[in-house]
Amino acid sequence: MNRYRAFLYALLAFAAALAPFAFEGGDLPENAWLDFLASFHPVVLHLPIGIFAASAILEILGLAGKKTDLGTRNLLWLAISLSASLSFATGYVLGEEGGYPEALLHDHLWAASFFTAISWLSLALNTLIVDRVLRSVSMLAMAGTLLAASHPGGLMVHGDPLQNAPWVAKTTPEQSSELGDIINPYQDLVHPILEAKCIDCHGAEKKKGKLRLDTFDYIMLGGDFGPCVTPGDVSDSLLVELMELPEDDEDRMPPEDEPQLSRYEIDLIKWWIESGASPDQEFARKDAPERVKVYLATRDI
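Following the numbering used here from start to finish, the sequence shown increments by one per residue and tops out at 1279.
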């Protein structure tokens, strides 16, 4: 019976190790149930961590000569493996929704896969072989991959805790507000607004809704909901619609806990879209349209 269980556990370890090859780069279909299950990842991910901590305590007690039940310890390892698999699955679906730095998401995916695979493999080996050294090596391998998975996951959600350390120098890049005699509305006005208020969540690193606003071409490409700007038509431009939602609306851009666009900034973006949303339009500052002059007056205050 133990051989059959060990064989099953080994197959699950193999599947977990290969999962990133099957999943990474693929797109999941829109599904309300998948979105619902993905929302549980922040809760589920703590299960293997907590169970591993309890298991580690029992293993240390066993190594110290204390009497601990081997069946209970193996049952905890099974719980680690099952909860790690569930955490991996919900995390993958959540990651597919976008909005996370790609490099960190890639590292988190692979490390979580290795942790899950090693958990199942350790369970398989220790089902067949009762050996203190093997159990110790297995626990160390699980601990290492658990830490490797937790670090990028924490950075994605909470950021780098060392950024606010007292010894880290705080530098604020200086931005010149001076404009030349010739103005390119997109390059000189619209892009700086997006860079200051939007690109943190919609740039090369983080792409919420798979939408990037850091270049003109990406703005025209749009995201999950299609193009976000329709040149010449503000009423059909999702970008403006989201900017003008109530502050407490979960779809508002930017979210209520982020720096907000002023009404002058929104009006300038609306004017730019109405005038054709061109990346190449230029005019002399003295001949700027009235709405642009109003924005420039508030910008220079």
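Even for Gly, the Cβ is constructed at its ideal location relative to N, Cα and C. Remember, it's a predicted structure, so these values are computed and weren't measured experimentally.
Does DSSP put F992 in a helix, a strand or coil?
-> Within the sequence shown, residue 992 is the residue found at index 14, counting from 1. When DSSP states are grouped into helix, strand and coil, F992 belongs to the helix group.
F999 to G1069, Cα distance in whole Å?
-> Walking along the sequence shown from the start, residue 999 turns up at place 21. Walking along the sequence shown from the start, residue 1069 turns up at place 91. Note on geometry: alpha-carbon atoms of F999 and G1069 lie some 15 angstroms from one another.
Run through DSSP, which three-state label would K1044 get?
-> In the sequence shown, counting from the first residue as 1, residue 1044 sits at position 66. If DSSP states are grouped into helix, strand and coil, K1044 belongs with coil.
As assigned by DSSP and simplified to three states, the class of I1160 | By 1-based counting over the sequence shown, the position of residue 1160 is 182. Note: I1160 maps to strand in three-state DSSP.
Same chain only: Cβ atoms within 7 angstroms of R983, ignoring 5 sequence neighbours per side = Walking along the sequence shown from the start, residue 983 turns up at place 5. T1105, listed in sequence order.
Short Cβ contact (9 angstroms threshold) for G1131 with A1090 = One-based indexing of the sequence shown puts residue 1131 at position 153. One-based indexing of the sequence shown puts residue 1090 at position 112. Yes, Cβ-Cβ distance for G1131 and A1090 is below 9 angstroms.
Whose C-beta lies closer than 6 angstroms to the C-beta of T1208 among residues of the same chain, with five residues either side of it excluded?
-> In the sequence shown, counting from the first residue as 1, residue 1208 sits at position 230. Around T1208: D1214 and S1215.
Give me the Cα-Cα distance between T1150 and L996, rounded to the nearest whole angstrom.
-> By 1-based counting over the sequence shown, the position of residue 1150 is 172. By 1-based counting over the sequence shown, the position of residue 996 is 18. Low confidence applies here, because T1150 scores a pLDDT of 41, under 50, leaving its location unreliable; read the following figure in that light. Per the coordinates, the alpha-carbon of T1150 lies some 44 angstroms from the alpha-carbon of L996.
In or out: H1318 buried (at least 16 other Cβ within 10 Å) or exposed?
-> Since the first and last residues shown for the chain are 979 and 1279, residue 1318 lies out of range.
Going by other Cβ atoms of all chains shown within 10 Å of its Cβ, with 16 needed for buried, is M979 buried or exposed?
-> For the purposes of this step, residue 979 is taken as the residue at position 1 of the sequence shown. Classification of M979: exposed, given that the 10 Å Cβ count is below 16.
Under 8 angstroms by Cβ, that's how I've got L1036 and L1054 pegged, so tell me the actual separation to the nearest angstrom.
-> Along the sequence shown, one-based indexing puts residue 1036 at 58. Along the sequence shown, one-based indexing puts residue 1054 at 76. Cβ-Cβ separation between L1036 and L1054: approximately 7 angstroms, consistent with a contact (criterion under 8 angstroms).
K1264 burial status per 10 Å Cβ neighbour count (16 or more: buried) | For the purposes of this step, residue 1264 is taken as the residue at position 286 of the sequence shown. With a 10 Å radius around the Cβ and a threshold of 16 neighbouring Cβ atoms, K1264 comes out exposed.
State buried or exposed for A1081, treating a residue as buried only when at least 16 other CB atoms are found within 10 Å of its CB.
-> In the sequence shown, the residue the question calls residue 1081 occupies position 103. Per the 10 Å Cβ criterion, exposed.
So what does DSSP say about K1264, is it helix, strand or coil?
-> Residue 1264 sits at position 286 when you count from the first residue of the sequence shown. In the three-state reduction of the DSSP assignment, K1264 falls in the helix class.
Short Cβ contact (9 angstroms threshold) for G1210 with I1251 = Here the question's residue 1210 lines up with position 232 in the sequence shown. Here the question's residue 1251 lines up with position 273 in the sequence shown. In contact: G1210 and I1251 (Cβ atoms closer than 9 angstroms).
What residue ranges within the stretch 1077–1140 form continuous alpha helix (DSSP H) runs of no fewer than 4 residues, ordered along the chain?
-> The stretch 1077–1140 contains these whole alpha helix (DSSP H) runs: 1080–1106 and 1110–1136.
Enumerate in chain order the residues of its own chain whose CB-to-CB distance from V1168 is below 8 angstroms, with the five nearest sequence positions on each side excluded.
-> As a working note, residue 1168 is residue 190 in the sequence shown. So the list reads L1246, I1247 and W1250, once near-sequence residues are dropped.
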